[in-house]
Each structure stands twice: as C-alpha cells, then as structure tokens.
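Residue numbers (my numbering), protein chains in the order written: chain E, 6 to 281; chain R, 6 to 281.
Where a beta carbon is used, it is the ideal one built from N, C-alpha and C, also for glycine.
Structure first, then comments.
Have a look at this one:
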C-alpha cells in the first residue's frame with residue numbers, strides 16, 4: 006500500500022486509528038478461552054466490529070510467539086482474515102526486529118512473504134543493513150523506532166550524539182536517507198508530544214506511528230497539533246483501551262464504542278485541519 | 006545454567022565454541038530437502054556430530070520464523086533435542102528482541118518457558134525495561150548487543166554520547182548495573198578486536214558472545230588475547246563456516262572436522278592462558 010492510498014483511506018474513514026492486537030490469553034473474555042483458536046476468535050470479532058473505524062491493525066508479535074506454533078498459526082489466520090475481508094486495511098507487524106543484512110533479509114521474508122504484512126517495526130541500533138533488506142519490497146514499509154514512551158527511553162535515546170543533537174535525532178536524520186517517505190515511517194512515543202516539533206523538523210513528510218494513546222497515556226489533540234502534516238502523516242495506535250474495554254460476551258461491541266469515541270475525535274481534528 | 010557451570014564445561018571440553026544454527030532450506034544438502042522436517046534433521050545431525058566440541062548452540066530465529074509454523078516447530082524440536090540428549094549445552098536464542106516492559110515480559114516467556122533457551126540476545130535501544138523482564142528468570146541470561154561487526158555498526162554505535170565515551174560504551178556501563186555477570190552477557194563483534202580492550206575496561210567479568218569468527222572474518226587469537234578473562238569469559242560463535250562446510254551426505258562429518266579445527270585452536274589458547 007503506498008502513501009497516497011493510505012491518505013485516501015484516512016480521508017474516507019475520517020480516521021487515523023490503528024488498533025493494537027496485543028492479544029493475551031489471560032485477558033480474553035471467559036467464554037473464548039476454551040475455544041480451539043481463542044486469540045484468532047477474539048481478533049476476528051474485534052476486527053469485524055471495528056474495521057470501518059480503523060485504518061490499521063497492529064498485532065504485537067510477542068503475544069503470539071509466547072504460545073509457540075499455535076500462536077504463530079493464529080497470527081497468520083488474523084492477517085489472512087484482514088487481507089481477505091478488508092483489503093484496504095494497513096497491517097503492521099509490531100516485531101521490533103533488527104539484525105545484520107542476511108538475517109534482516111530473512112525477517113523481511115518472514116513478515117512480507119510468509120506473513121502478508123504491509124509494515125514491520127525495526128530497531129535501529131545495528132544501522133543501515135538492519136533496515137535496507139526490508140526496503141526491497143515495493144509497496145511495503147519499515148517503521149523505525151525513533152523515540153519511545155517507555156520508562157527506559159531516557160537511558161539512551163536522549164543522549165547527546167554530537168553536532169548539538171540527541172541520538173534519536175541522529176537516527177531520524179541518517180535513516181531518512183536510506184529510503185523515502187514512501188517506504189519508511191517512524192515510531193514516536195505520544196506521551197512526549199513536545200518532541201514532535203523536533204521530529205517534524207527532521208522528517209516533515211514521513212508517517213509517524215504513535216503508540217502511546219490509551220492505556221499508555223498521551224493526548225490525541227496535542228499529538229495532532231504538533232505531529233500532523235498536510236497528508237495527515239499520523240497513525241495513532243490504541244491497544245488495551247479498546248480491545249480490553251469489556252471482558253464479557255459484549256467485548257466486541259464495547260470495543261467498537263471505544264474505537265468510535267476515538268474516531269470521532271480524529272474526525273474533528275481532520276476537519277479542523279481541513280484534511281477532508 | 007550459572008557462570009561456574011559454564012566455565013566448568015569450557016574446561017571439560019577445552020572449548021569455548023558456539024555453533025550458530027543459521028539453518029536455511031536453500032543451503033541444505035539436497036538429500037535432506039524433501040524430508041518432512043529438513044531443518045530439524047539437519048540440525049540434529051550437526052548437533053550429534055559436534056556436541057563434544059561445542060559448549061553452546063545458537064539458532065538464529067529469523068531462519069525459522071521465515072517458514073512460519075513449521076519453522077517454529079522445527080526450532081522447538083531442535084531445542085528439545087539438545088536439552089534431552091546434551092543437558093550441559095548452553096542454548097542461545099539469537100532473536101535480538103527489545104520492547105517495552107509488558108511486551109518484553111512476553112518475549113521472556115517465549116524464550117525461557119515456551120521454548121527452553123538458556124539465553125536470548127536483546128537490542129538495547131529502548132532501555133532498561135527492554136532488559137529487566139528477562140532477568141527475572143534465575144539461571145537464564147540476557148545477551149545485550151554492545152558492538153556488532155556488520156557494515157551498519159558505524160551508523161550509531163560509535164557516536165560520541167558525552168562524557169568522552171561512545172554510545173556502545175555508555176550502553177555497557179549503564180546496562181551492567183541492571184544485572185550482574187551472572188545474568189548478563191554482551192554481543193561484541195570480533196572483527197574489531199582492538200575494541201575488546203575498551204569493552205574489558207568497562208565489563209571485566211562478563212561473558213562476551215563473539216559472533217564474528219568464520220564466514221564473517223575475525224581472528225580467534227586476537228579475540229582471546231584481548232577479550233579473555235580469568236574464567237575464559239568468551240563464547241565464540243561460528244555458523245556458516247562449520248555448518249555449510251560441505252553440502253553432500255557427508256555434511257555432518259565435515260562440520261565435525263571444521264569444529265574440531267576450531268576447538269583445537271581454542272584448546273591451545275586455554276592451555277597457554279593456564280585455564281585448564
């Protein structure tokens with residue numbers, strides 16, 4: 006999916022919402038837990054209930070891998086379900102991979118061929134050859150960790166890296182040269198919205214994946230104020246606040262209500278910015 | 006496995022060799038490719054032929070994930086085979102994971118419970134909460150990326166990070182405080198042996214996993230000269246140079262010959278250092 010297509014979907018749905026599928030056995034509604042494929046069944050119902058409000062879904066790989074083969078199988082079923090039923094949805098593998106060239110090539114094969122994802126999150130520490138193999142797939146995306154919103158983000162991301170800039174700024178500046186705004190996006194932690202100004206100085210045209218709305222805190226209006234560009238340029242994720250809003254048989258309906266609340270806020274923001 | 010046990014194995018086998026299982030369909034001997042579980046069959050024969058010469062095996066996750074469910078299944082069979090037949094072997098998941106706390110917890114569950122690995126490689130960019138969840142498993146290890154030997158290593162790892170030190174040095178210094186030499190190791194690229202002096206200044210007692218011997222270049226004698234400590238403190242990996250040394254039905258025998266060559270060099274080094 007190219008960036009024009011993504012912007013078209015944002016305008017059509019009046020939404021830049023991504024729903025994170027951090028699907029965990031212990032948090033599933035009780036009536037699903039004894040099913041044969043409980044993670045897939047949960048995801049399927051969430052997706053069917055929210056597909057018109059979200060432009061993207063983002064399975065978090067750790068939650069599937071920890072179940073081994075059956076986890077991997079249910080991840081595959083989830084991606085295939087979206088692909089078959091909702092072909093215009095953008096699907097992100099939140100995998101944070103990053104290795105040397107020949108290994109990164111295998112990870113690209115994993116997420117773009119074996120599984121049919123549109124994008125994969127990648128850790129930048131090992132440099133350009135961690136990223137380049139993913140860029141060899143036309144229409145697919147790499148989403149590079151730039152600034153994150155977790156406690157440990159302060160440990161290294163904000164260190165001075167010379168030339169009066171911090172490490173995350175150097176990462177943005179250098180990595181932007183490895184591809185273009187049509188195949189690279191960045192993860193930017195929403196709880197640090199003031200940083201968005203700095204991020205936009207360096208990468209004005211790239212899409213930013215903002216993971217911090219909802220259970221992790223963060224303010225949608227502030228993110229839009231400082232992070233939005235003329236083609237929206239934002240994909241804002243919410244996971245737990247939507248998918249675990251209810252734990253009864255009504256979970257998918259309540260997830261829809263929560264997604265709708267967020268989508269309505271996004272609609273207002275897009276209208277105020279004159280983007281639809 | 007604790008560090009004393011690991012050192013005992015090194016002395017017993019007169020080896021600090023780790024064999025990397027970067028097992029790839031396209032590189033398998035022809036007669037294995039039509040088998041039901043070709044990756045596992047290859048690994049099993051390599052392991053059975055080399056288990057007395059190596060102290061560790063290191064499957065590279067990308068090579069299994071790219072086959073989906075069956076890849077994951079064959080990885081599991083490989084780990085179980087080592088566990089059951091050779092209980093004193095150290096097993097490393099080369100996975101380079103790294104995420105926020107609740108996701109890292111799931112990755113720890115994946116590699117230490119779902120799969121029965123002793124250690125997992127982790128990327129440091131997201132900071133302490135990427136690492137801490139792995140340290141909650143007694144007897145298991147996290148192996149943090151410090152300096153790597155790939156082309157892209159220069160992009161960020163050697164940037165000045167203030168206080169007259171480079172990023173990898175800051176990562177070593179800070180992360181060493183999150184655990185101890187009994188639960189943290191570091192990945193240090195062997196092709197930059199002169200850096201080992203600097204690494205040993207900061208982490209004199211930690212084990213270092215050196216990935217660069219063999220196909221990636223690097224010099225065993227230099228690595229030992231500058232990286233070895235009084236309890237060896239080195240695990241040196243070789244992947245392709247051993248496992249793909251031959252592509253006929255004799256592949257396991259030839260792999261053994263190559264492993265033996267390396268083990269004999271290691272034996273000499275350990276003797277010269279007075280370590281056995």
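Spatial neighbours of residue i in its chain, beta-carbon cut-off 7 Å, leaving aside the 5 residues before and after
i                      : result
residue 263 of chain R : 246, 247, 250
residue 134 of chain E : 105, 106, 109
residue 218 of chain R : 195, 225, 241, 242, 243
residue 209 of chain E : 234
residue 66 of chain R  : 98, 99, 100
residue 130 of chain R : 103
CB contact check: residue i to chain E, cutoff 8 Å
i                      : result
residue 131 of chain R : yes
residue 23 of chain R  : no
residue 161 of chain R : yes
residue 115 of chain R : yes
residue 303 of chain R : Outside the shown range of chain R, which is 6 to 281, sits residue 303 of chain R, and nothing can be said about it.
residue 112 of chain R : yes
residue 144 of chain R : no
residue 122 of chain R : no
residue 217 of chain R : no
residue 67 of chain R  : yes
residue 200 of chain R : no
residue 128 of chain R : yes
residue 150 of chain R : yes
residue 11 of chain R  : no
Paired residues, beta bridge with residue i - DSSP
i                      : result
residue 77 of chain R  : Answer by DSSP bridge pairing: none, since residue 77 of chain R is not bridged.
residue 191 of chain R : R:149, R:213
residue 25 of chain E  : E:63
residue 280 of chain R : None; residue 280 of chain R has no bridge partner.
residue 199 of chain R : According to DSSP, which records beta bridges pairwise, residue 199 of chain R is partnered with nothing at all.
residue 49 of chain E  : Per DSSP, none; premise fails for residue 49 of chain E.
residue 99 of chain R  : R:65
residue 239 of chain R : R:213
residue 171 of chain E : E:165
residue 126 of chain R : R:148
residue 234 of chain R : R:237
Residues of its chain near residue i, where Cβ-Cβ distance is below 6 Å and the 5 sequence neighbours each way are ignored
i                      : result
residue 236 of chain R : 12
residue 259 of chain R : 250, 251
residue 272 of chain R : 19
Contacts around residue i, its chain only, beta-carbon distance under 8 Å, and the 5 residues preceding and following it disregarded
i                      : result
residue 230 of chain E : 198
residue 75 of chain E  : 42
residue 112 of chain E : 100, 102, 104, 125, 138, 139
residue 232 of chain R : 193, 198, 201, 204, 205, 213, 215, 238, 239
residue 187 of chain E : 7, 8
Residue-chain proximity (residue i, chain R), Cβ-Cβ < 8 Å
i                      : result
residue 103 of chain E : yes
residue 106 of chain E : yes
residue 156 of chain E : yes
residue 166 of chain E : yes
residue 135 of chain E : yes
residue 63 of chain E  : no
residue 189 of chain E : no
residue 175 of chain E : yes
residue 45 of chain E  : no
residue 184 of chain E : no
residue 153 of chain E : yes
residue 74 of chain E  : yes
residue 71 of chain E  : yes
residue 229 of chain E : no
residue 119 of chain E : yes
residue 239 of chain E : no
residue 214 of chain E : no
residue 42 of chain E  : no
residue 179 of chain E : yes
residue 172 of chain E : yes
Distance cut-off 7 Å: residue i Cβ against heavy atoms of the ligand HEM
i                      : result
residue 263 of chain E : Summarising the ligand content, the structure contains no ligands, and the ligand HEM is consequently not present.
Open item on the list: Using 8 Å as the cut-off, can you tell me whether the stretch 6 to 13 of chain R makes contact with the stretch 57 to 65 of chain E, which would need three or more C-beta pairs spanning the two stretches below that distance?
Closed with: no
Open item on the list: Under 8 Å, with one C-beta from each stretch per pair, do the stretch 32 to 42 of chain R and the stretch 117 to 125 of chain R reach the 3-pair mark?
Closed with: no
Open item on the list: If the cut-off is 7 Å on Cβ atoms, which residues from the stretch 76 to 98 of chain E count as contacting chain C, listed in chain order?
Closed with: The structure shown contains no chain C; its protein chains are E and R.
- [ ] Spell out a yes or no on whether the stretch 147 to 156 of chain E and the stretch 186 to 193 of chain E are touching, meaning 3 or more CB-CB pairs, one atom from each, closer than 8 Å.
- [x] yes
Task: the stretch 69 to 87 of chain E in contact with the stretch 42 to 55 of chain E per 3-pair CB rule at 8 Å - done: yes
- [ ] Could you tell me whether the stretch 171 to 178 of chain R touches the stretch 16 to 36 of chain R, using the rule of 3 or more Cβ pairs below 8 Å?
- [x] no
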